[in-house]
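Each remark here refers to the structure printed beneath this line.
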Amino acid sequence: MRVMAQMGMVMNLDKCIGCHTCSVTCKQAWTNRSGVEYVWFNNVETRPGQGYPRTYEDQEKWKGGWEVGRGGRLRLRTGSRLKRLLTIFGSPVQPSMRDYYEPWTYDYETLTSAPVQEHTPVARPRSLLTGEPMKVEWSANWDDNLGGAPELTRADPVLRKVSAQVTEKLEQTFLFYLPRICEHCINPSCAASCPSGAIYKRAEDGIVLVDQDRCRGWRMCITGCPYKKVYFNHRTGKAEKCTFCFPRVEVGIPTVCSETCVGRLRYIGIVLYDADRVLQAAATPDPKDLYAAQRSLILDPNEPEVIRAAQQAGIPRDWIDAAQRSPIHALINRYEVALPLHPEYRTMPMVWYIPPLSPVVDALTETGHDGEDAGNVFGAIEALRIPVEYLAELFTAGDTARVTGVLRKLGAMRSYMRDLNLGRPADESIAAAVGMTGRDIQDLHRLLAVAKYDERYVIPTAHSEAGPGMEELDAGCSLDYEGGPGMGGSGPFGEMSGGATPIAVENFQMLASRQLSDTPATPQDKEQRVNLLNWDGKGSPEGMFPPRPEQTPVLHGPDGGGDQPGAPSVTEPKP
909 MRVMAQMGMV MNLDKCIGCH TCSVTCKQAW TNRSGVEYVW FNNVETRPGQ
959 GYPRTYEDQE KWKGGWEVGR GGRLRLRTGS RLKRLLTIFG SPVQPSMRDY
1009 YEPWTYDYET LTSAPVQEHT PVARPRSLLT GEPMKVEWSA NWDDNLGGAP
1059 ELTRADPVLR KVSAQVTEKL EQTFLFYLPR ICEHCINPSC AASCPSGAIY
1109 KRAEDGIVLV DQDRCRGWRM CITGCPYKKV YFNHRTGKAE KCTFCFPRVE
1159 VGIPTVCSET CVGRLRYIGI VLYDADRVLQ AAATPDPKDL YAAQRSLILD
1209 PNEPEVIRAA QQAGIPRDWI DAAQRSPIHA LINRYEVALP LHPEYRTMPM
1259 VWYIPPLSPV VDALTETGHD GEDAGNVFGA IEALRIPVEY LAELFTAGDT
1309 ARVTGVLRKL GAMRSYMRDL NLGRPADESI AAAVGMTGRD IQDLHRLLAV
1359 AKYDERYVIP TAHSEAGPGM EELDAGCSLD YEGGPGMGGS GPFGEMSGGA
1409 TPIAVENFQM LASRQLSDTP ATPQDKEQRV NLLNWDGKGS PEGMFPPRPE
1459 QTPVLHGPDG GGDQPGAPSV TEPKP
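Taking the working numbering, the leading residue of the sequence shown gets 909, the next gets one more, and so forth.
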C-alpha cells in the first residue's frame, strides 16, 4: 500500500442556480489576458445540452481518456505511442474554434464618438482574435437555460444513450446546471498524452499542473483530456488549464470559484488513496463497476494501518487530521451521495457531484401531494419522468440503481429532518429504509444544508520545509513510477528541457497574511513583485527583469561603424 494525498472537490447540484459567478471570478483571476480569450477554466453548463466545447463527451469523435486494451491493460484512446509520434506535428483530433466559440467584444467607441443622429448608434460585436466585425453565433454559455430545446439537445452525446421515452418528452421534465472545472484526476490521461512531460501531477496534493517551460505546444494533452479542460494559448503557444488555485490552497484558502459561489455548493478537502491500485482500478472491465473501484481506492484515514502507512510516506500529521475531517471523504465514502463525472473515461476524476433531487419534490407538490413525505418521494424517484437514465450516463456509466440510491438518501434526509423541524418525533424507519441511522442523516443534513465555512473547506496548509521540493519539481510527476502512466525522463521531444523552474513567487506566510487580512494592506515588498495577471503576452512584464542601465558603453571603430577590437570606449545612450 502506497498512500498518497489527493485534493478534491464535491459540488451539490441541488444548490446550483446557474448564476455563473464562479465562471466570471475564475475568468478574472486566471484567464483575463491575451491569448486565452476563449478559455474558461470554470464553466457552468445547462443539462441537457452540448456543453463546452460542443459535444466534448463524444469520445468516439474526440478520442479522450483511456480504454482497456489487450490483456486488460490500459491504453490511451488516441492509440499507441508510435501512432501519436507519427501525428505529433499535426494532431488530427482537436476541437476547432467553432467547437469552442470565437470570443468577441463590442465597438464601444461608436457609442461615445458617434455624431448626433436620428438613430441611436449600435456597438457592433468585433472578434477578439481578428478585430474584425463578426456575427455572434455561439459561446461557452450559448445553451443557458435551454435544456430540452430540440435544436441543442439533438447533438447531446449523453442524450443519445438514454431511452426514447425520456427524449420524446424531455422539454416537459426539467433542466439542471453542471459546473465544471478540471477534474485533477488520479489517473490523468492528459499527463500520459504529453510527449514532453510538461503536464505533471503534484506528489503532495495531486493537483495537475502544466510546466510552461517544458511545454512545447504539441497539444496532445487537449486530445487526451476527455473533459476538454486543457486549452491552448494561441499567443504563447503553450497549454494552460485549471490550477485548482494552488497558491490559495497552499495557505488553506479555497479556490476562487468556491470562495465566490453564491449557492455555497462546493466542498473542498483531501482524501488518502492507495496509489499502488490505481491502474488495477482504472482497468476494471465493466464500466459500471468503475464507481465502486474508485471508491475502493480511497482509504479510511481513521484506520491505524492507513495512518502508519501515510506517516511512512511522508504525509504530515496535520494532513492526516484534515483527511479525517474532510467533507470530501464523508460525502464520497461515508454517506455515498457523491458521484464522479463520467467514470467510464477511466481517469479516476476527483471532482464529484451530488445529483439534483429538487425536481422530484417540485413535481410531487404540483400534483397536490406532499412533496417531502418519505413514501411519496421514494415512489416518485422510480416513477416520475425524471431522466434518472440521463443522470446515470453522466455519473455512473449508465448504472441507474446507484443514482436512484443516492436520490433516495437525499429524499429520506428531507423527510426525516422535516419531522424534527416541525417538532414531531423522529421516524427512524425513514433512515433505516436507506441504510442509514438518524444520526447519519442529521450529520449529512448539517454538511449539505448549514455547514459552516471551516466545515465545507478543510484544506491543510503546505509545509514550509517541503517548499523547495514543491517548487523545484525535482520529484517529477507522481504517476512516474514502475507500471504508472507518467511519462517522465528525458527524450527527443523537449522533456526536461530548460531545467526545473520555481513555481511560487511568494512564500506561504506572505501570501496568507495578504489574503487572510481583514483590511487591504500594502505589502512592504510590493514593488519587488511580478504581476502576471494583467500581462498581455507582449514584451516583458514589469519587474520580471532588472532595469536596463541608462547608458551602455559601445565600442566604435575608426569608421564609426563597428565593434572594432582595441577601439576607444565611447558612451552613448542605449535606445
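In this text, a Cβ means the ideal position worked out from N, Cα and C, and glycines have one as well.
Where K1146 falls, given that 16 or more other Cβ within 10 Å makes a residue buried: Classification for K1146: buried.
D1351 - DSSP class collapsed to helix/strand/coil: DSSP places D1351 in helix when its eight states are reduced to three.
Length at least 4, wholly inside the stretch 1047 to 1108: the alpha helix (DSSP H) runs in chain order: Runs of the alpha helix (DSSP H) inside the stretch 1047 to 1108: 1058 to 1061, 1072 to 1076 and 1097 to 1101.
Q914 (DSSP reduced to helix, strand or coil): Strand, per DSSP.
CA nearest to the CA of P1003, picked from L984, L1198 and G1132: Distance check between P1003 and each of L984, L1198 and G1132 places G1132 closest, using alpha-carbon atoms only.
Integer-rounded CB distance, given that S1204 should sit under 8 angstroms from A1221: Distance from A1221 to S1204 at the Cβ level is roughly 19 angstroms; contact not present, criterion being Cβ atoms closer than 8 angstroms.
Three-way DSSP call (helix, strand, coil) for R1034 in this model: DSSP places R1034 in strand when its eight states are reduced to three.
Beta-carbon gap between G957 and L1060 smaller than 8 angstroms: Taking 8 angstroms as the cut-off, the beta carbon of G957 is found closer than this to the beta carbon of L1060.
CA-to-CA distance, R1225 to H1371, given in whole angstroms: Answer to the nearest angstrom: the Cα atoms are 11 angstroms apart.
Cβ distance (whole Å) where Y1085 is taken to contact G926 below 8 angstroms: Right, their Cβ atoms sit about 4 angstroms apart.
Between the CA atoms of V944 and G1447 - distance to the nearest angstrom: For G1447 and V944, the distance between alpha carbons rounds to 17 angstroms.
Extent of the continuous alpha helix (DSSP H) to which F1140 belongs: Where F1140 is concerned, there is no enclosing alpha helix (DSSP H), although the beta strand (DSSP E) it sits in stretches over V1138 to N1141.
Reduced DSSP category for I1240 - H, G, I as helix; E, B as strand; rest coil: When secondary structure is reduced to three states using DSSP, I1240 falls in the helix class.
Bridge partner(s) assigned by DSSP for V1116: Answer is K1109, bridged to V1116.
Span of the alpha helix (DSSP H), counted from its first residue to its last, around L1315: For L1315, the enclosing alpha helix (DSSP H) covers residues T1308 to N1329.
Coarse secondary structure for L921, derived from DSSP in three states: Coil.
Rounded distance between the beta-carbons of S999 and M903, thought under 8 angstroms: Because residue 903 is not part of the residues shown, which for the chain are 909 to 1483, the question remains open.
Beta-carbon separation (whole angstroms), R983 vs W974, contact threshold 8 angstroms: Their Cβ separation, rounded to whole angstroms, is 7 angstroms, which keeps R983 and W974 in contact under 8 angstroms.
Proximal residues to A1031 (C-beta, below 8 angstroms), its chain only, five neighbours per side dropped: Counting only Cβ-Cβ distances below 8 angstroms, and skipping sequence neighbours, we find Y1014, D1015, Y1016, T1018 and L1019.
Simplified DSSP state of E1301, which is helix, strand or coil: Helix.
For T995, the residue or residues it bridges with in DSSP: Paired residues: none, contrary to the question.
Burial state of V918, where buried means 16 or more other Cβ atoms lie within 10 Å: Buried, by the Cβ-count rule.
Cβ-Cβ separation, L1067 to T954 (assumed contact under 8 angstroms), whole Å: Contact between T954 and L1067 fails: their C-beta atoms lie close to 13 angstroms from each other, not under 8 angstroms.
Contact belief for V976 with V1214 at Cβ below 8 angstroms, rounded distance in angstroms: Actually they do not touch by this definition, with Cβ atoms about 29 angstroms apart.
Residue from C1102, C1098, A1022 and Y1009 whose Cα sits closest to the Cα of P1257: For the options C1102, C1098, A1022 and Y1009, the alpha carbon positioned closest to that of P1257 is the one of C1098.
Sheet register partners of L1180 (DSSP bridge): Under DSSP, the beta-bridge partners assigned to L1180 are A913.
Counted within 10 angstroms of its Cβ, other Cβ atoms place Y1324 as buried (16 or more) or exposed: It counts as buried.
For A1147, the residue or residues it bridges with in DSSP: Per DSSP, F1140.
Rounded separation between V1001 and V1118 - CA only: The alpha-carbon atoms of V1001 and V1118 are separated by roughly 20 angstroms.
Classification of N1210 by the beta-carbon crowding that lies within 10 angstroms, buried from 16 upward: It counts as exposed.
Rounded C-alpha distance that separates A1063 from D1194: Roughly 26 angstroms between the two C-alpha positions.
With 16 other Cβ atoms within 10 Å as the buried cut-off, status of V1044: Label assigned to V1044: exposed.
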